[in-house]
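For the sequence shown, the numbering used here gives the first residue as 67, with consecutive numbering after it. Quick reminder that beta carbons are idealized off the backbone N, C-alpha and C, glycines included. Report on the following structure.
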Amino acid sequence: MKILHIINDLSKNGGAQRFLIDLVSHYDPHFEIKVLILSDENEYQAELKECGVQYLSWKSLTFQQKWNLLRWPDLVHGHLYPSIYLALLAIGKKRLQTEHNTTNRRRDYPMLKFMEYWLYKSFDMTICITGRVQEELIRFMPRYQSKYSVVYNGVELSKFTMQPKIRSAFAKDKVFKIGMAGRLHNYKDHESLLRAMQSLPQNYELHLAGGGPKQEELQALATSLGIEQRVHWYGVISDIPNFLNSLDVYVQSSLVEGFGLASVEAMASGLPVLGSDVPGLDEVIGDSRYLFPTGSPTLLADKILTITNDIDTYNEASRYSVERASLYTIDKFREGYYAAYAQLCPEK
Numbered sequence: 067m068k069i070l071h072i073i074n075d076l077s078k079n080g081g082a083q084r085f086l087i088d089l090v091s092h093y094d095p096h097f098e099i100k101v102l103i104l105s106d107e108n109e110y111q112a113e114l115k116e117c118g119v120q121y122l123s124w125k126s127l128t129f130q131q132k133w134n135l136l137r138w139p140d141l142v143h144g145h146l147y148p149s150i151y152l153a154l155l156a157i158g159k160k161r162l163q164t165e166h167n168t169t170n171r172r173r174d175y176p177m178l179k180f181m182e183y184w185l186y187k188s189f190d191m192t193i194c195i196t197g198r199v200q201e202e203l204i205r206f207m208p209r210y211q212s213k214y215s216v217v218y219n220g221v222e223l224s225k226f227t228m229q230p231k232i233r234s235a236f237a238k239d240k241v242f243k244i245g246m247a248g249r250l251h252n253y254k255d256h257e258s259l260l261r262a263m264q265s266l267p268q269n270y271e272l273h274l275a276g277g278g279p280k281q282e283e284l285q286a287l288a289t290s291l292g293i294e295q296r297v298h299w300y301g302v303i304s305d306i307p308n309f310l311n312s313l314d315v316y317v318q319s320s321l322v323e324g325f326g327l328a329s330v331e332a333m334a335s336g337l338p339v340l341g342s343d344v345p346g347l348d349e350v351i352g353d354s355r356y357l358f359p360t361g362s363p364t365l366l367a368d369k370i371l372t373i374t375n376d377i378d379t380y381n382e383a384s385r386y387s388v389e390r391a392s393l394y395t396i397d398k399f400r401e402g403y404y405a406a407y408a409q410l411c412p413e414k
């Protein structure tokens, strides 16, 4: 079966991009896979070459090459806007898209509703990354709910310790390292995390991995709060396991988070994980003790102190994380998608 994935870019700063790489890294020889990128940004070239997946840039193709490529596959798998609309040009092919978030900016504009009707009607299947993502999609576009299903994202658990960070005691002068990995943009809520730091004692540091358009604004906020000496900015990093192993507590502070892959990776590293109480992430974390309302830095600071002020509470949260992470394996994730491909193209 020939499968063409279409995505905006392959930056290491995005969760959907990482999702795609994890999906195509191992596959049955029965499948032939190509990846089409709308931009020229591809930071996963080595990984794609290693697994034998051909990648192409839309910008560098001639009109004839673009036509031939869209005629090549049996199935087109679209990721993100506007790539999902380009997938519609593969006329006569089976089409599948992944719904990565519980909402998007297009849903805020009634004038675009007819385009969304056309989109969901034209795709043979829409796979949501959590049950909450599916619920929100049904609420927005109930007409085509028979085409919606759920396949949870997965993590290569072998890359992480999968061991609780059990501690017997904390030193009185211990420096607690709080961390988060995620793109610095409007869907995240780094502001609440920075403001929470202002309420925490001086022996608490914040370590942020990821880059994005809001970096200067967030750095200015840290300075205005007087915490700039306790906030460390890493930019986009490739060694996520090493970054997570250096932390004591992980926080996923987001306004929108369909799944929260980084939070599962933190769980797999044995870290106590706190997350925003938003659809998708709440389902993945699965316990209200480790959730906090968005835009509530004081409550977030209280949650962090609750975990770090009591060794038994810390150890319990660490054990819970490892147990929870075991639900989201990379094998279940891949099996779900390749089963969907086979369902749409049973004779290929």
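Proximity to G248 across P95, I72, H71 and K78 peaks at K78, based on C-alpha coordinates. Counted as a single uninterrupted DSSP element, the stretch harbouring F325 is not any alpha helix (DSSP H), since DSSP gives it neither H nor E. A distance below 8 Å separates the beta carbons of S335 and N311. Between the C-alpha atoms of A408 and Y210 there is a straight-line separation of about 21 Å.
In the three-state DSSP reduction, M191 falls in the strand class (E or B). Secondary-structure assignment with DSSP links N108 through a beta bridge to L76. When C-alpha distances from S319 are compared across V217, Y403, F236 and K254, the shortest belongs to K254. In the three-state reduction of the DSSP assignment, Y356 falls in the helix class.
The closest CA to that of M228, considering only R173, A391, N308 and W138, is found on A391.
Inside the stretch 151 to 209, DSSP marks whole alpha helix (DSSP H) runs of 4 or more residues at positions 179 to 188 and 197 to 206, from first to last along the chain. If you check the CB distance, L162 and A406 come in under 8 Å. Under the three-state reduction of DSSP, A247 is assigned to strand. In this structure, DSSP gives Y386 a helical state, which the three-state scheme calls helix. In this structure the stretch 211 to 221 lies against the stretch 395 to 405, because at least three pairs of beta carbons, one per stretch, are closer than 8 Å. The C-alpha of K240 is placed about 22 Å away from the C-alpha of M333.
Taken through DSSP and simplified to helix, strand or coil, A275 comes out as strand. In the DSSP secondary-structure assignment, F242 is bridged to Y270.
CA-to-CA, the gap between I303 and Q111 works out to about 16 Å. Taking C-beta atoms under 8 Å as the contact rule, I370 and Y380 fail to qualify, at a distance of about 11 Å. Taking one beta carbon from each stretch, the stretch 176 to 189 and the stretch 147 to 165 have 3 or more pairs nearer than 8 Å; the two touch. For G341, the pairing in a beta bridge is given by DSSP as Q318 and L357. Contact check for V317 against S387 fails: the beta carbons are separated by 8 Å or more.
Boundaries of the beta strand (DSSP E) harbouring Y121: Q120 to S123, taken from the DSSP string.
Of the residues assessed, L114 falls on the buried side of the cut-off, its CB having 16 or more other CB atoms within 10 angstroms. Annotation for C117: S91 place their beta carbon closer than 6 Å to its own, counting only its chain and skipping 5 residues before and after. For D353, the closest of S362, G361, S342 and P363 by C-alpha to C-alpha distance is S342. Of R261, W184, S105 and Q130, the smallest CA-CA separation from W124 is found for S105. Cβ contact annotation for A275 (same chain, cutoff 8 Å, sequence separation greater than five): G245, M246, A247, G248, Y300, G301, V302, I303, I306 and F309, in chain order. Taking C-alpha positions only, N252 is separated from L321 by approximately 8 Å. Minimum Cα-Cα distance from Y394 among the listed residues L203, V330, T360 and A235 corresponds to V330. The three-state secondary structure of E116, taken from DSSP, is helix. By alpha-carbon distance to K225, the top candidate from K160, R261, N170 and A328 is A328.
Within its own chain, the residues whose Cβ lies closer than 7 Å to the Cβ of F206, once the five positions on either side in sequence are excluded, are R173, listed in chain order. G324 is the residue among G324, S212, L86 and I377 whose C-alpha sits nearest the C-alpha of D348. In the structure shown, H256 falls within a helical segment according to DSSP collapsed to helix, strand and coil.
In the DSSP assignment, Y404 falls outside any beta strand (DSSP E) and lies within the alpha helix (DSSP H) extending over I396 to L410.
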